[in-house]
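So the protein lines, in turn, are chains W and L. The first sequence begins at 1 in full-length UniProt numbering and counts up one residue at a time. The second sequence begins at 1 in full-length UniProt numbering and counts up one residue at a time. For glycine and all other residues, C-beta sits at the position ideal for the given N, C-alpha and C. A quick write-up on the structure given underneath.
Protein chains: 2
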Amino acid sequence: MTDDAWTIPEVAVAVDLAVLTVHDGALQIMLVRRGIPPFEGMLALPGGFLASTAEDLDAAAARELTEETGLGTEDLHLEQLGTYGAPDRDPRRRVVTVCYLAFSPDLPTPTAGGDAREAILLPVDEVLDHRTAVAFDHKKIISDAVERARSKLEYTTLGAAFCPPEFTMTDLRQVYEIVWGTSLDPRNFHRKITGVTGFLVPTGERVSRQVGRPAALYRRGDATVLHPAMLRNR
Amino acid sequence: MTDDAWTIPEVAVAVDLAVLTVHDGALQIMLVRRGIPPFEGMLALPGGFLASTAEDLDAAAARELTEETGLGTEDLHLEQLGTYGAPDRDPRRRVVTVCYLAFSPDLPTPTAGGDAREAILLPVDEVLDHRTAVAFDHKKIISDAVERARSKLEYTTLGAAFCPPEFTMTDLRQVYEIVWGTSLDPRNFHRKITGVTGFLVPTGERVSRQVGRPAALYRRGDATVLHPAMLRNR
DNA sequence: CCAAAAGTGTTGCTCGTACACCCATGA
DNA sequence: TCATGGGTGTACGAGCAACACTTTTGG
Chain W
1 MTDDAWTIPE VAVAVDLAVL TVHDGALQIM LVRRGIPPFE GMLALPGGFL
51 ASTAEDLDAA AARELTEETG LGTEDLHLEQ LGTYGAPDRD PRRRVVTVCY
101 LAFSPDLPTP TAGGDAREAI LLPVDEVLDH RTAVAFDHKK IISDAVERAR
151 SKLEYTTLGA AFCPPEFTMT DLRQVYEIVW GTSLDPRNFH RKITGVTGFL
201 VPTGERVSRQ VGRPAALYRR GDATVLHPAM LRNR
Chain L
1 MTDDAWTIPE VAVAVDLAVL TVHDGALQIM LVRRGIPPFE GMLALPGGFL
51 ASTAEDLDAA AARELTEETG LGTEDLHLEQ LGTYGAPDRD PRRRVVTVCY
101 LAFSPDLPTP TAGGDAREAI LLPVDEVLDH RTAVAFDHKK IISDAVERAR
151 SKLEYTTLGA AFCPPEFTMT DLRQVYEIVW GTSLDPRNFH RKITGVTGFL
201 VPTGERVSRQ VGRPAALYRR GDATVLHPAM LRNR
């Protein structure tokens, strides 16, 4: 590191959140509608500047998560996605934003009321469509977030992070199908997942969804990596 | 994003470089010895603060690369590794550093003289050893860089980025063996790599290394992903 | 009984590993 | 000629796609 501290330019550091969830049969992302310029009224990722010089980046991400979406940080996967710092990305001043990626189970009442600000859930296909306008460079960030999520399902057990605490094999398979936009053979999927030691723990319970044979219920296990990996067809 | 611009804390944004290369039979990382406090005299990653408010992060990384190591940015893989921003990571003031990862072919004269500052090449095993002191949180960054490199060899063609423009199959295999710290079957490796379309382009030339049958020379191809992937034994 | 969903068995293929074997060179 | 490294052939097994088949429920 060079240390010409007297020439250090003024840069504002922000933290943004790409919170993905599977809702209503689609991969959706949590967005807020901006109340002030620039990009007033436009969709944007929830986020904000560091609260103080002493605030850790991860802590800032967790704080923004609760503040803006009403979600708790416990039992929710949160990882750094990347840092975006093009000089002209914010017209007001130089802003470098560290973006975090979160996977959330489907929410009963998606932060409609309460202390959360106006958080909206929108399908990523719709948000990434060229007709949808998104503030700053957030469309690119969302695109990166979705690609990261798709890739993570291949070699980690994070697909289960989209499921409630207890879920069926079909619930998990539908996460994969929706995130990847493909269809998977239920029988091979079942065999494959049960073959990964530590991915799922059977609760012993069974649940009947509408019609047909009741499905076994599972909880998330300790495994974090998926071995062998679950590759999508490309 | 919230927009309480008047409360934005002062944060310095730096760019650090984790330049990895395979040299002398070991995975090595480029470091500099700090000339001023804090951590004076200690080993650190090359890097520095943004040159101006208008400088792009990627551009700053490329600039630091040439300034501190004498390496050109063309024909060298450079990607963002991650951002490190613990509040106490720099005792002087709050610094958030965006770290970039670079893969370099073995260098004939490793920036010994010329316009480059005092850049040193050290084996990562030695640097990561608990007896070696490294400035700031750079040991953690180096550890992340090495893990990322190991993982990237599995599913991308970036192993060839450690090789000179023309190289033999054995050169490439040794990159894998050294980076992963394993030994690979030369015959199966050969078949596997030649089976990936677009990874290597044979030049038609052959070269004789000391003794034995001469090896075919290859150049890097257009492929970036390795399919099927080359998984290490874990 | 029938439809529908859950789960098991089986087959054929792709790919990886292990290793026998041949090829081309320097000493 | 032998040692050394480059490269091909082949056999066995793991893992996966495709799909026939059985199990268990609601109507």
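Mapping DSSP to helix, strand and coil, what is residue 228 of chain W?
For the purposes of this step, residue 228 of chain W is identified with residue 228 of the first sequence, where counting begins at 1. DSSP places residue 228 of chain W in coil when its eight states are reduced to three.
Helix, strand or coil at residue 205 of chain W according to DSSP, with G and I counted as helix:
Sequence index remark: in the first sequence, residue 205 of chain W carries index 205 (1-based). Residue 205 of chain W falls in the strand class under three-state DSSP.
For residue 173 of chain L, which residues of its own chain have a beta-carbon under 7 angstroms away from its beta-carbon, when the five flanking residues on both sides are left out?
One-based indexing of the second sequence puts residue 173 of chain L at position 173. Result list for residue 173 of chain L: 184, 186 and 189, in chain order.
Quick check on residue 33 of chain W: does DSSP put it in helix, strand or coil?
Sequence index remark: in the first sequence, residue 33 of chain W carries index 33 (1-based). Of the three classes helix, strand and coil, the one that applies to residue 33 of chain W here is strand, per DSSP.
Using only alpha-carbon positions, find the residue among L:219, L:7, L:14 and L:201 that is nearest to residue 85 of chain W.
Along the first sequence, read from residue 1 onward, the residue named residue 85 of chain W stands at position 85. Looking at the Cα atoms, L:14 is the closest of the given residues.
Quick check on the burial criterion: 16 or more other C-beta atoms within 10 angstroms. Buried or exposed for residue 231 of chain L?
By 1-based counting over the second sequence, the position of residue 231 of chain L is 231. It counts as exposed.
Can the beta-carbon of residue 133 of chain W be found closer than 7 angstroms to that of residue 34 of chain W?
Working through the first sequence from its first residue, we reach residue 133 of chain W at position 133. Working through the first sequence from its first residue, we reach residue 34 of chain W at position 34. For residue 133 of chain W and residue 34 of chain W, no; Cβs fall outside 7 angstroms.
If you draw a straight line from the C-alpha of residue 89 of chain L to the C-alpha of residue 213 of chain L, how long is it?
By 1-based counting over the second sequence, the position of residue 89 of chain L is 89. By 1-based counting over the second sequence, the position of residue 213 of chain L is 213. The straight-line gap from Cα to Cα measures roughly 53 angstroms.
Where does residue 120 of chain W sit, in a helix, a strand or coil, going by DSSP?
Along the first sequence, read from residue 1 onward, the residue named residue 120 of chain W stands at position 120. Of the three classes helix, strand and coil, the one that applies to residue 120 of chain W here is strand, per DSSP.
Which chain W residues sit within Cβ distance under 9 angstroms of residue 118 of chain L?
The residue labelled residue 118 of chain L in the question sits at position 118 within the second sequence. Ordered by position in chain W, no residue passes the 9 angstroms Cβ test against residue 118 of chain L, which lies about 13 angstroms from the chain.
How far does the beta strand (DSSP E) with residue 48 of chain L in it extend, from its first residue to its last?
For this step, residue 48 of chain L is matched to residue 48 along the second sequence. Unbroken beta strand (DSSP E) run through residue 48 of chain L: 47 to 49.
Say whether the segment 206 to 226 of chain L touches the segment 156 to 176 of chain L, bearing in mind that this needs 3 or more beta-carbon pairs closer than 8 angstroms, one atom from each stretch.
yes
So residue 252 of chain W and residue 83 of chain W are supposed to be a Cβ contact under 8 angstroms. How far apart are they, rounded?
Because chain W here runs from 1 to 234, residue 252 of chain W falls outside it and cannot be looked at.
What residue does the beta strand (DSSP E) around residue 18 of chain L start on, and which one ends it?
Taking the first residue of the second sequence as position 1, residue 18 of chain L is located at position 18. 12 to 23 is the extent of the beta strand (DSSP E) around residue 18 of chain L.
Could you give the DSSP three-state label for residue 95 of chain W: helix, strand or coil?
Here residue 95 of chain W refers to the residue found at position 95 when the first sequence is read from its first residue. Residue state, collapsed to three classes: strand.
Have a look at W:52, W:42, W:29 and W:40 and flag the residue whose alpha-carbon is nearest the alpha-carbon of residue 12 of chain W.
Position 12 of the first sequence holds residue 12 of chain W. When each option's Cα is compared against that of residue 12 of chain W, the closest is W:52.
Excluding five sequence neighbours on each side, which residues of the same chain lie with their C-beta closer than 6 angstroms to the C-beta of residue 146 of chain W?
Against the first sequence, residue 146 of chain W aligns to sequence position 146. Cβ neighbours of residue 146 of chain W beyond the five flanking positions: 124.
Check the Cβ-Cβ distances between residue 41 of chain L and every residue of chain W, and say whether any is below 7 angstroms.
Mapped onto the second sequence, residue 41 of chain L falls at position 41. No, residue 41 of chain L lies away from the interface with chain W (no Cβ there is under 7 angstroms from its Cβ).
Measuring only between beta-carbons, confirm whether residue 53 of chain W sits less than 7 angstroms from chain L.
Within the first sequence, numbered from 1, the residue matching residue 53 of chain W stands at position 53. True, the Cβ-Cβ gap to chain L drops below 7 angstroms.
Going by DSSP in three states, residue 166 of chain W sits in which element: helix, strand or coil?
Looking up residue 166 of chain W in the first sequence gives position 166. Coil, per DSSP.
Using the C-alpha atoms, what's the distance from residue 28 of chain L back to residue 16 of chain L?
If you number the second sequence from 1, residue 16 of chain L lands on position 16. If you number the second sequence from 1, residue 28 of chain L lands on position 28. Whole-angstrom Cα-Cα distance: 16 angstroms.
Can you give the Cα-Cα distance for residue 218 of chain W and residue 196 of chain W, rounded to whole angstroms?
Within the first sequence, residue 218 of chain W is the residue found at index 218, counting from 1. Within the first sequence, residue 196 of chain W is the residue found at index 196, counting from 1. Taking the straight line from one Cα to the other gives about 13 angstroms.
Extent of the continuous beta strand (DSSP E) to which residue 150 of chain W belongs
Along the first sequence, read from residue 1 onward, the residue named residue 150 of chain W stands at position 150. Looking at the DSSP string, residue 150 of chain W is not in any beta strand (DSSP E); the run it does join, the alpha helix (DSSP H), is 138 to 155.
Quick check on the DSSP output: the alpha helix (DSSP H) that includes residue 69 of chain W runs from which residue to which?
Position 69 of the first sequence, counted from the start, is the residue given in the question as residue 69 of chain W. Element bounds for residue 69 of chain W: 57 to 69.
With 16 as the cutoff for other CB atoms within 10 Å, does residue 91 of chain W come out buried or exposed?
Looking up residue 91 of chain W in the first sequence gives position 91. It is exposed - the Cβ of residue 91 of chain W has fewer than 16 other Cβ atoms within 10 Å.
If you follow the beta strand (DSSP E) that residue 82 of chain L is in, where does it begin and where does it stop?
Your numbering for residue 82 of chain L matches position 82 in the second sequence. Residue 82 of chain L -> beta strand (DSSP E) spans 77 to 84.
Below 7 angstroms CB to CB, which residues in the same chain sit around residue 203 of chain L once its five sequence neighbours on both sides are set aside?
Residue mapping note: residue 203 of chain L aligns to position 203 of the second sequence, counting from 1. Cβ within range, chain order: 166, 217, 218 and 219.
Please state if the CB of residue 9 of chain W and the CB of residue 32 of chain W are separated by a distance shorter than 7 angstroms.
In the first sequence, residue 32 of chain W corresponds to position 32, counting from 1. In the first sequence, residue 9 of chain W corresponds to position 9, counting from 1. Contact: no.
Can a CB atom of chain L be found closer than 7 angstroms to the CB of residue 98 of chain W?
The sequence position of residue 98 of chain W within the first sequence is 98, counting from 1. Closer than 7 angstroms: yes.
Less than 7 angstroms separating the beta-carbons of residue 102 of chain W and residue 19 of chain W?
Here residue 102 of chain W is taken as the residue at index 102 of the first sequence, counted from 1. Here residue 19 of chain W is taken as the residue at index 19 of the first sequence, counted from 1. A contact, by the Cβ cut-off of 7 angstroms.
Shortest alpha-carbon distance to residue 128 of chain W belongs to which of W:39, W:144, W:22 and W:215?
Here residue 128 of chain W is taken as the residue at index 128 of the first sequence, counted from 1. For the residues W:39, W:144, W:22 and W:215, the minimum Cα distance to residue 128 of chain W belongs to W:144.
Reduced DSSP category for residue 220 of chain L - H, G, I as helix; E, B as strand; rest coil:
Sequence index remark: in the second sequence, residue 220 of chain L carries index 220 (1-based). Residue 220 of chain L: strand per DSSP, three-state reduction.
Below-7 angstroms beta-carbon distance, residue 50 of chain W vs any chain L residue:
To locate residue 50 of chain W, count along the first sequence from 1; it is residue 50. Cβ-Cβ to chain L under 7 angstroms: yes for residue 50 of chain W.
Report the three-state DSSP secondary structure of residue 134 of chain W (helix, strand or coil).
Your numbering for residue 134 of chain W matches position 134 in the first sequence. It is a strand residue.
State buried or exposed for residue 171 of chain W, treating a residue as buried only when at least 16 other CB atoms are found within 10 Å of its CB.
As a working note, residue 171 of chain W is residue 171 in the first sequence. Flag for residue 171 of chain W reads buried.
Since residue 194 of chain L is in the alpha helix (DSSP H), which residue starts that stretch and which ends it?
Residue numbering aside, residue 194 of chain L sits at position 194 when the second sequence is read from its first letter. Note, residue 194 of chain L: alpha helix (DSSP H), 186 to 195.
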